[in-house]
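Please read the structure below before turning to the comments.
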Amino acid sequence: MEKAGISIGIVGTGRIAERFWDESLYVEGIQVAAIYNRHMESVRWFAAKKKISGEEDILLTDDVEAFYHKVDAVYVASPHEYHVSYTIQALQHNKHVICEKPMAVTKQEAEDIFALANEKHLVCMEAIKTAYCPGFQKLLYLVMDGAIGTVRDIDATFTKIGSAAGREMWSAYGGSFVELGSYVLLPIMKIYGTQGEKPEIHTFSLEGAPQHDSYTKMMFTYHNHVATVKTGLGVKSEGELIISGDRGYLRVPSPWWLTKHIEVHHEDPNQVEIYEKPFDGAGLRYEIAEFVKKIQGEESSAVSAEESIWLAEIIEHFRLEQDEKGKNSANESEYNKADVKIWAHRGCSMAYPENTLLAFKKAAELPGITGIELDVQLSRDGEIVVIHDERVDRTTDGCGRVCDFSLEELRELSITGSGQDEKLQIPMLKEVFELLRPYCIRDGLQINIELKIALFHMRVWNRK
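Positions 151 to 614 (our numbering) are the ones given, in order, by the sequence shown.
As structure tokens, this is what we get:
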């Protein structure tokens, strides 16, 4: 049956945009009508990956005005630092908006967004998929129905060990708390509310990339209750949700943010009620369906404007703390910089995707840089490419050994978690030389090349 209803456009062409495309196919009353990215190459890459041909009435464009003219609503799936600007721009074009979390990272930004949406009588909604799934809705019902009595403690954890070169760690709005905080804060704001008593907040953070946390533990202390949240992109912990009350506790096992299984425990260890709920696909279909309901004027369980403003305020509080911590660390640092030789390992790999032209360029521009270290391997057809691992799995969207790919096949792969609008590729060594040659001549930049030698390529390397 042909879908009809709301025409929605997607801003962005990354992983979450791909999932939104897939999930939208399961929701009635909405259809994707346009894909936008500032870089047309990325739009074409997205279309090829999703097998969007010229036969569909779907606009593929880098023209933002043509994009807005085509759609009724917009899904903002750009890197975090562009969420606010694209959301405001879409509202100014009189489009309903569903924006990926975090919608904003300051209270003022969030207030401005919702003030504009209210002024124009438009729906503006933050996309936190857990909030809309049947399991989490059941969890809230059990809590509000008194299944565990009065809630005194909430403990929510979301951690994963990812690449330090990923967008989650190095982008302007990187770090574990900005990336994952919306999830762990969700139970707190839904159960304790956002309009009453303001909690005392105590934070411990472990720095990963400069000014960005790889792990954060935050405690919220109220007069009669407490909450603890943990986020991590470099530290792993049990990813469960525990809600404790004076008549029992509620447990959702890892990964609790994909809420499927709920346990209600009591004093008697043999008395455990278990509830199972579906979590279909990537879960975005639930938030898309709620977005449609809101536009149609139906009752919805969407994250409210007040809740999104509260989330932004907490993230702002955290970021201000991190900035202050960074300033203090800089002031305390005492060493003779003149005696230190600075080498950029795989380029500026703590701030940008490793072994990419972007990482090498950023490293070459660093004041006082001595040199750049990089890794090379051979493709199946004997071309020298710059990549560290013997396999492409960790740093690209491909799978397999580097030596099993031709150069052309390697160039089709995309560097994952790049956070860039344009597609980043595995570079050839000669491309790196061309990029860095001016820095070597002008600044004396040195290059250290590490050969990653597979035994069956020894003879080829010797010829090279």
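C-beta atoms are modelled at their ideal positions from N, C-alpha and C, and glycine is treated no differently.
Bridge-paired residues (DSSP) for residue i
| i | result |
| --- | --- |
| residue 494 | 522 |
| residue 276 | 249 |
| residue 288 | Its beta-bridge partners do not exist; DSSP assigns none. |
| residue 352 | 369 |
| residue 527 | 535 |
| residue 462 | In the DSSP output, where bridge partners are listed per residue, residue 462 has none listed. |
| residue 209 | 184 |
| residue 363 | 357 |
| residue 159 | 184, 224 |
| residue 546 | 565 |
| residue 305 | 378, 392 |
Contacting residues, own chain, Cβ-Cβ under 6 angstroms from residue i (five flanking each side not counted)
| i | result |
| --- | --- |
| residue 484 | The pLDDT assigned to residue 484 is 48, lower than 50, so where the model puts this residue is not dependable; a value taken from the coordinates is nonetheless given after this. Counting only Cβ-Cβ distances below 6 angstroms, and skipping sequence neighbours, we find nothing. |
| residue 549 | 543 |
| residue 486 | Note that residue 486 has pLDDT 47, beneath the 50 cutoff, so the model's placement of it is unreliable and the number below is only indicative. There are no such residues. |
| residue 307 | 380, 387, 389 |
| residue 401 | 392, 413 |
| residue 315 | A caution first: residue 315 carries a pLDDT of 48, below 50, which makes its placement in the model too unreliable to give a value. |
| residue 330 | 308, 381 |
| residue 297 | 414 |
| residue 352 | 369 |
| residue 305 | 378, 392 |
| residue 448 | none |
| residue 220 | 183, 184, 209 |
| residue 512 | 498, 502 |
Limits of the unbroken alpha helix (DSSP H) element including residue i
| i | result |
| --- | --- |
| residue 599 | Note, residue 599: premise wrong, no alpha helix (DSSP H); beta strand (DSSP E) at 596–601. |
| residue 582 | 579–593 |
| residue 334 | 326–341 |
| residue 298 | Unbroken run through residue 298: none, as it is neither H nor E. |
| residue 266 | 257–269 |
| residue 344 | Segment: none, residue 344 is in no alpha helix (DSSP H) and carries neither H nor E. |
| residue 237 | 233–242 |
| residue 561 | 557–561 |
Cutoff 8 angstroms; reference residue i; Cβ partners in own chain excluding five residues on either side
| i | result |
| --- | --- |
| residue 435 | 173, 174, 176, 177 |
| residue 199 | 168 |
| residue 598 | 493, 521, 522, 523, 524 |
| residue 535 | 526, 527, 528, 529, 552, 557, 560, 576, 577, 578, 579 |
| residue 456 | 344, 345 |
| residue 252 | 230, 233, 276, 323, 328, 331, 332, 461, 462, 465 |
| residue 244 | 270, 272 |
CB contact flag (residue i, residue j, <8 angstroms)
| i | j | result |
| --- | --- | --- |
| residue 406 | residue 390 | yes |
| residue 208 | residue 180 | no |
| residue 309 | residue 409 | no |
| residue 254 | residue 271 | no |
| residue 265 | residue 247 | no |
| residue 510 | residue 327 | no |
| residue 461 | residue 339 | yes |
| residue 192 | residue 573 | yes |
| residue 227 | residue 458 | no |
| residue 335 | residue 364 | no |
| residue 589 | residue 514 | yes |
| residue 453 | residue 276 | yes |
| residue 278 | residue 332 | yes |
| residue 425 | residue 375 | no |
| residue 218 | residue 437 | no |
| residue 299 | residue 165 | no |
| residue 350 | residue 371 | yes |
| residue 162 | residue 184 | no |
| residue 284 | residue 427 | yes |
| residue 143 | residue 303 | Residue 143 is absent from the structure shown; the chain starts at 151 and stops at 614. |
| residue 362 | residue 395 | no |
| residue 187 | residue 213 | no |
| residue 595 | residue 585 | no |
Residue i CB to nearest heavy atom of the ligand GDP below 7 angstroms
| i | result |
| --- | --- |
| residue 398 | This structure does not include the ligand GDP; it has no bound ligands of any sort. |
Cut-off 7 angstroms between Cβ atoms - residues of its own chain near residue i, not counting five sequence neighbours on either side
| i | result |
| --- | --- |
| residue 403 | 390, 411 |
| residue 506 | 497, 565, 574, 577 |
| residue 554 | 530 |
| residue 439 | 177 |
| residue 249 | 226, 233, 237, 276, 277 |
| residue 347 | 372, 373 |
| residue 256 | 462, 466 |
Limits of the beta strand (DSSP E) - the one that residue i falls within
| i | result |
| --- | --- |
| residue 218 | No beta strand (DSSP E) holds residue 218; the alpha helix (DSSP H) holding it covers 214–220. |
| residue 378 | 376–382 |
| residue 223 | 223–226 |
| residue 508 | First-last for residue 508: 507–514, but that is the alpha helix (DSSP H), not the beta strand (DSSP E). |
List, from N- to C-terminal side, the alpha helix (DSSP H) runs of 4 residues or more that fit wholly inside the region 162–193. 165–174
Going residue by residue through the region 385–459, where are the continuous beta strand (DSSP E) segments of at least 3 residues, counting only ones entirely within it? 391–395, 398–402, 411–415, 422–426
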